[in-house]
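Asks:
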Amino acid sequence: MANNIEVKELLEAGVHFGHLTRRWDPNMAPYIYMERNGIHIINLYKTAAKMEESAEALKKIAASGRKILFVATKKQAKEIVADKAAKANQPYITERWPGGMLTNFVTIRKAIKKMATIDRMKKDGTFNTLSKKERLQVDRLRAKLEKNLGSIVDMTRLPGALFIVDIKREHIAVKEAQKLNIPIFAMVDTNSDPRQVDYLIPANDDASKSIEKVVGYVSDAIIEGLNERKAAKDSKAEAPKKEAPKAEVAAPVKEAPAATETVASNEEE
-11 MANNIEVKEL
-1 LEAGVHFGHL
9 TRRWDPNMAP
19 YIYMERNGIH
29 IINLYKTAAK
39 MEESAEALKK
49 IAASGRKILF
59 VATKKQAKEI
69 VADKAAKANQ
79 PYITERWPGG
89 MLTNFVTIRK
99 AIKKMATIDR
109 MKKDGTFNTL
119 SKKERLQVDR
129 LRAKLEKNLG
139 SIVDMTRLPG
149 ALFIVDIKRE
159 HIAVKEAQKL
169 NIPIFAMVDT
179 NSDPRQVDYL
189 IPANDDASKS
199 IEKVVGYVSD
209 AIIEGLNERK
219 AAKDSKAEAP
229 KKEAPKAEVA
239 APVKEAPAAT
249 ETVASNEEE
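Mapping the sequence shown onto the numbering used here, position 243 (from 1) lands on 231, and the numbers just tick up by one.
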């Protein structure tokens, strides 16, 4: 399991700062510690507990071989999420969320395959047979696809879960995941409704330090799950195969002596 998180670390990262009290969602009340200068302060003990709970669940999903899709399109979260997700070898969306990303996954996969087709054209020389204008159009299309979908090239099926930073901003991703019953893990600030997600982490989703602390923690748990999966596979491969028990050779069966037929002589009367 991932290391226990220290409340002091969360405090130093500013995870406890919520939104202005007038912008709060009443459903976040159980996770709010107090109000200070018109701002809600998040209860970090509850944050730490929820982080550990989420990390353990994500670790199990990763160990099962399913992917976790990270979603964060806000400026201060983009680079952090892309870096942490890439280290954990997980797909991520940090540009605009493509509508139908989950609910119309077949079409998204077709777009990804188009990227592979363009790459093949460049390798086999077909690309060079196009006119200058056509080459420019193909290059622009490839760049656009790479920007929006390049980070999910290896996601060949729907993810096992989503990890979202700011569910208010990523409401379309939330709706699509809900429709398909895909578990949602998320950083939820005091202005959002925690009932929309399966595993919430009450935290400041605006400050880069806060985002880095939380996302870094869960990505480490995912890496741990992947390592466990690899170790289990390796040990299974190295385990000596049990030899099948040798069939016992049956002792030759001695034939019973042939019965001597007694021939009765017929006496004439």
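The beta-carbon is built from N, C-alpha and C at its ideal position, and this holds for glycine as well.
May I have the straight-line CA-CA distance separating A174 from R217, to the nearest angstrom?
Replies: C-alpha separation (whole angstroms): 24 Å.
Asks: If T35 and I189 are in contact, beta carbons under 8 Å, what's the gap, nearest whole angstrom?
Replies: Confirmed, about 6 Å.
Asks: Suppose you measure from the CA of Q166 to the CA of E(-3); what does that come to, to the nearest Å?
Replies: Computed Cα separation, rounded: 32 Å.
Asks: Label D154 either buried or exposed according to how many other C-beta atoms from any shown protein chain fall within 10 Å of its C-beta, with 16 as the threshold for buried.
Replies: So D154 counts as buried.
Asks: Could you spell out where the beta strand (DSSP E) holding H28 opens and where it closes?
Replies: First-last of the beta strand (DSSP E) with H28: 27 to 30.
Asks: How many angstroms separate the CA atom of K55 from the CA atom of Q78?
Replies: For K55 and Q78, the distance between alpha carbons rounds to 6 Å.
Asks: State the beta-bridge partners of F173 as determined by DSSP.
Replies: According to DSSP, F173 bridges with F151, Y187.
Asks: Should A1 be labelled buried (16 or more other beta-carbon atoms within 10 Å of its own) or exposed?
Replies: Label assigned to A1: buried.
Asks: Specify the secondary structure class of M89 as computed by DSSP and reduced to three states.
Replies: Coil, per DSSP.
Asks: If we call anything under 7 Å between Cβ atoms a contact, is A191 one with K47?
Replies: Against a cut-off of 7 Å, the Cβ pair of K47 and A191 comes out as no contact.
Asks: By the DSSP assignment, the beta strand (DSSP E) with Y21 in it spans what residues?
Replies: Counting along the chain, the beta strand (DSSP E) containing Y21 begins and ends at 20 to 24.
Asks: I need the straight-line Cα distance from A17 to V126, nearest angstrom please.
Replies: A17 and V126: Cα-Cα distance of roughly 52 Å.
Asks: So, under 8 Å CB-CB, W266 and N179 are touching, yes? Tell me the CB distance rounded to an integer number of Å.
Replies: With the chain represented from -11 up to 257, any question about residue 266 goes unanswered, as that position is not in the structure.
Asks: Taking its Cβ as the centre, do 16 or more other Cβ atoms sit within 10 Å of V94, making it buried, or is it exposed?
Replies: The residue is exposed, with fewer than 16 neighbouring Cβ atoms inside 10 Å.
Asks: To the nearest angstrom, how far is the alpha carbon of R145 from that of L168?
Replies: Taking the straight line from one Cα to the other gives about 13 Å.
Asks: Please list the terminal residues of the continuous beta strand (DSSP E) segment that includes V203.
Replies: It is not in any beta strand (DSSP E) - V203 instead sits in the alpha helix (DSSP H) that spans 196 to 226.
Asks: Just curious, the alpha helix (DSSP H) that H159 is in, first and last residue?
Replies: Per DSSP, H159 belongs to the alpha helix (DSSP H) from 159 to 167.
Asks: Look at the Cβ atom of A65, then the Cβ atom of I199, and state whether they are nearer than 7 Å.
Replies: Closer than 7 Å, so yes.
Asks: Taking Cβ positions, are Y19 and I27 nearer each other than 7 Å?
Replies: In this structure, I27 does not lie closer than 7 Å to Y19 by Cβ.
Asks: Going along the chain, which residues of its own chain have a beta-carbon closer than 7 Å to the beta-carbon of L133, five neighbours each way excluded?
Replies: Closer than 7 Å at the Cβ level, and outside the excluded window around L133, lie A99, K102, M103.
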